[in-house]
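As structure tokens, the structure follows; a few thoughts come after it.
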Amino acid sequence: MPELPEVEVVRAGLAPAVTGARINAVDVLDERALTRHPLGAADFVGRLEGREVRAAARRGKFLWLPLAGGDEALVAHLGMSGQMLLRESDAVRERHERIRLHIEHPQHGRLAVAFADQRTFGSLAVDALLTTPDAAPGGFGADLLLVPSQVAHIARDALDPTFDERAFIAAVRRRSSAIKRILLDQTLISGIGNIYADEALWAARIHPETHGAALSVHAVRRLLGEVRHVLEKALAEGGTSFDAQYVNVNGQAGYFAHSLNAYGRGGEPCPRCGGELRREAFMNRSSHYCPRCQRRRGAR
DNA sequence: CTCAAGTCCTGTCAGC
DNA sequence: TGCTGACAGGACTTGA
Numbered sequence: 001m002p003e004l005p006e007v008e009v010v011r012a013g014l015a016p017a018v019t020g021a022r023i024n025a026v027d028v029l030d031e032r033a034l035t036r037h038p039l040g041a042a043d044f045v046g047r048l049e050g051r052e053v054r055a056a057a058r059r060g061k062f063l064w065l066p067l068a069g070g071d072e073a074l075v076a077h078l079g080m081s082g083q084m085l086l087r088e089s090d091a092v093r094e095r096h097e098r099i100r101l102h103i104e105h106p107q108h109g110r111l112a113v114a115f116a117d118q119r120t121f122g123s124l125a126v127d128a129l130l131t132t133p134d135a136a137p138g139g140f141g142a143d144l145l146l147v148p149s150q151v152a153h154i155a156r157d158a159l160d161p162t163f164d165e166r167a168f169i170a171a172v173r174r175r176s177s178a179i180k181r182i183l184l185d186q187t188l189i190s191g192i193g194n195i196y197a198d199e200a201l202w203a204a205r206i207h208p209e210t211h212g213a214a215l216s217v218h219a220v221r222r223l224l225g226e227v228r229h230v231l232e233k234a235l236a237e238g239g240t241s242f243d244a245q246y247v248n249v250n251g252q253a254g255y256f257a258h259s260l261n262a263y264g265r266g267g268e269p270c271p272r273c274g275g276e277l278r279r280e281a282f283m284n285r286s287s288h289y290c291p292r293c294q295r296r297r298g299a300r
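If you use UniProt numbering, the first sequence closes out at 300, no skipped numbers anywhere.
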């Protein structure tokens, strides 16, 4: 379930249930869910059992639960199809459940946190926390100036108040890559995936193949505004759900799929100009755009 | 056979 | 020569 709004819905759903809770036990049902934890299942379980969770934090599409002691966090990436589900402590296994945390919260009692993932691109890890180089909190929901080592190379996300807009604009204008590839580069700006890249480019009327260097400062700033706008709107509607692969911690779908203007609409009329939206192969996936109102400038 | 919300790795090439 | 970064393409996986 991937992009920033969907991961934020999960973080916000998890936070009240896990903050202050103790991890009593951990079931590793499929070791492939630990690809980000190279020390293996026994080490993973040993580092978690008996520890207390302090918060639920997020940067871009990475989620983490800082642990008492302040030096480590449980890191989660949902990949393409990962889910974090809050369940009764004795709930039956989810379809594709890979890991289960048995937690106990002072107010909510015993609960299960199930990590389920059909395609196994997602994974969990216990990771060291490092001091942030920019002296700002590690991410949304993090009050401390700490970030997991696996997240340190990820840029601050588009909705982070400490996101460096001037540096981003300068970096875009130095690149010769297609602007869509730049938006998907998590080391420059994080949280954007294929859906919201297409939506933001459509809103800003920029062709996805336009080179970064061909964009004016004004155009990049406008694009950034559209990125923030679409992420916030999607978040307000609970994220984008096409099928059961994206759900919140209670298993419910989001509503933003009804509001998409370009993504998934190849062959349909553009909601703005009536031209026919196109779907085109791009970076092993697809781009959706309107060839009429997203004109190619500085193309490749 | 094609397609899908992501990340990471590898090889190439340029520049210091 | 070796290091670093930019860049493009592909690997990984399951199921519809």
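Glycine included, C-beta positions come from ideal geometry on N, C-alpha and C.
| Rounded separation between residue 303 and Glu280 - CA only | Past the edges of the chain, shown from 1 to 300, lies residue 303, and the structure says nothing about it.
inquiry  = Within 8 Å, do at least three Cβ pairs link the segment 62-71 to the segment 127-147?
reply    = Output reads yes: the segment 62-71 touches the segment 127-147.
Is it right to say Met283 is buried, meaning 16 or more other beta carbons lie within 10 angstroms of its own, or is it exposed? Taking the first residue of the first sequence as 1, we reach residue 283 at position 283. Burial call: exposed.
Once the 5 residues before and after Leu183 are set aside, which same chain residues still bring their CB inside 6 Å of it? Counting from 1 along the first sequence, the entry for residue 183 is found at position 183. Only Ile192, Ala197 meet the Cβ criterion.
task: Excluding the 5 residues preceding and the 5 following Arg285 in the sequence, name in chain order all residues of the same chain whose CB lies nearer than 6 Å to its CB.
output: The residue labelled residue 285 in the question sits at position 285 within the first sequence. Excluding residues within five positions, the ones whose Cβ falls inside 6 Å are Asn194.
Less than 8 Å between the CB atoms is what I'm expecting for His105 and Ala21, so what's the real figure, rounded?
-> Position 105 of the first sequence holds residue 105. Position 21 of the first sequence holds residue 21. Contact holds; Cβ gap of about 4 Å.
- Between the Cα of Phe121 and those of Glu31, Leu129, Ala41, spot the shortest distance and give me the residue it belongs to. Within the first sequence, the letter at position 121 stands for residue 121. Checked all of Glu31, Leu129, Ala41; the closest Cα to Phe121 is Glu31.
* Helix, strand or coil for residue 301, going by three-state DSSP, please let me know. => The chain is shown from 1 up to 300; residue 301 falls before or after that span and cannot be answered.
For His258, count the other beta carbons within 10 Å of its own beta carbon; 16 or more makes it buried, fewer makes it exposed. Which is it? Along the first sequence, read from residue 1 onward, the residue named residue 258 stands at position 258. So His258 counts as exposed.
**Asked** How would you call Ala125, buried or exposed, if buried means at least 16 neighbouring beta carbons within 10 angstroms?
**Response** As a working mapping, residue 125 is identified with position 125 in the first sequence. Ala125 should be labelled buried.
*What's the C-alpha gap between His15 and Val247?*
Position 15 of the first sequence, counting from 1, holds the residue named residue 15. Position 247 of the first sequence, counting from 1, holds the residue named residue 247. Rather than His, the amino acid found at residue 15 in this sequence is Ala. Each residue's alpha carbon lies about 16 Å from the other.
| said: Does Ser176 pass the burial test, meaning 16 or more other C-beta atoms within 10 Å, or should it be called exposed? | reply: What you label residue 176 is simply residue 176 of the first sequence in a count that begins at 1. Burial call: exposed.
### Message
So if DSSP puts Arg278 in a beta bridge, which residue, or which two residues, is it bridged to?
### Response
Position 278 of the first sequence, counted from the first residue, corresponds to residue 278. According to DSSP, Arg278 bridges with Tyr289.
Whole-angstrom C-beta distance between Leu29 and Leu231, which should lie under 8 Å | The residue you call residue 231 lines up with position 231 of the first sequence. The residue you call residue 29 lines up with position 29 of the first sequence. Not really, about 33 Å apart at Cβ, beyond 8 Å.
*asked:* Applying the 10 Å Cβ sphere with the 16-neighbour rule, what's the burial state of Val10?
replied: What you label residue 10 is simply residue 10 of the first sequence in a count that begins at 1. Label assigned to Val10: buried.
Worksheet item: Going by Cα to Cα distance, which pick from Lys180, Ile189, Gly40 is closest to His153?
Response: Position 153 of the first sequence, counted from the start, is the residue given in the question as residue 153. Comparing alpha-carbon positions, the option among Lys180, Ile189, Gly40 lying closest to His153 turns out to be Ile189.
* Asked: Who pairs with Leu86 in a beta bridge, going by DSSP?
  -> Residue numbering aside, residue 86 sits at position 86 when the first sequence is read from its first letter. Residue pairing of Leu86 in beta bridges, as defined by DSSP: Val113.
Classify Ser287 as buried or exposed, calling it buried when 16 or more other Cβ atoms lie within 10 Å of its own Cβ. As a working note, residue 287 is residue 287 in the first sequence. Classification of Ser287: buried, given that the 10 Å Cβ count is 16 or more.
Counting C-beta neighbours from all protein chains within 10 Å, is the total for Pro269 16 or more, i.e. buried, or is it exposed? Stepping through the first sequence from its first residue, residue 269 is reached at position 269. When all chains shown are included, Pro269 counts as exposed.
Closest to Ala128 by C-alpha separation, out of Gln150, Leu34, Asp134, would be which residue? As a working mapping, residue 128 is identified with position 128 in the first sequence. Residue Gln150 is the option with its Cα nearest to Ala128.
Cα-Cα separation, Val217 to Pro161 | Looking up residue 217 in the first sequence gives position 217. Looking up residue 161 in the first sequence gives position 161. Cα-Cα distance, rounded: 20 Å.
* Asked: What residues are listed by DSSP as bridge partners for Ala128?
  -> Within the first sequence, residue 128 is the residue found at index 128, counting from 1. According to DSSP, which records beta bridges pairwise, Ala128 is partnered with Glu72.
query = Looking at the unbroken alpha helix (DSSP H) that takes in residue 301, where does it start and where does it end?
reply = Summary: the structure shown does not reach residue 301, with the chain confined to residues 1 through 300, and so no result is reported for it.
Considering only the beta carbon of each residue, do Met84 and Pro2 sit closer than 8 Å?
Within the first sequence, numbered from 1, the residue matching residue 84 stands at position 84. Within the first sequence, numbered from 1, the residue matching residue 2 stands at position 2. Contact: no.
* Cβ neighbour criterion (16 or more within 10 Å) applied to Gly251 -> Walking along the first sequence from the start, residue 251 turns up at place 251. With fewer than 16 Cβ atoms within 10 Å of its Cβ, Gly251 is classed as exposed.
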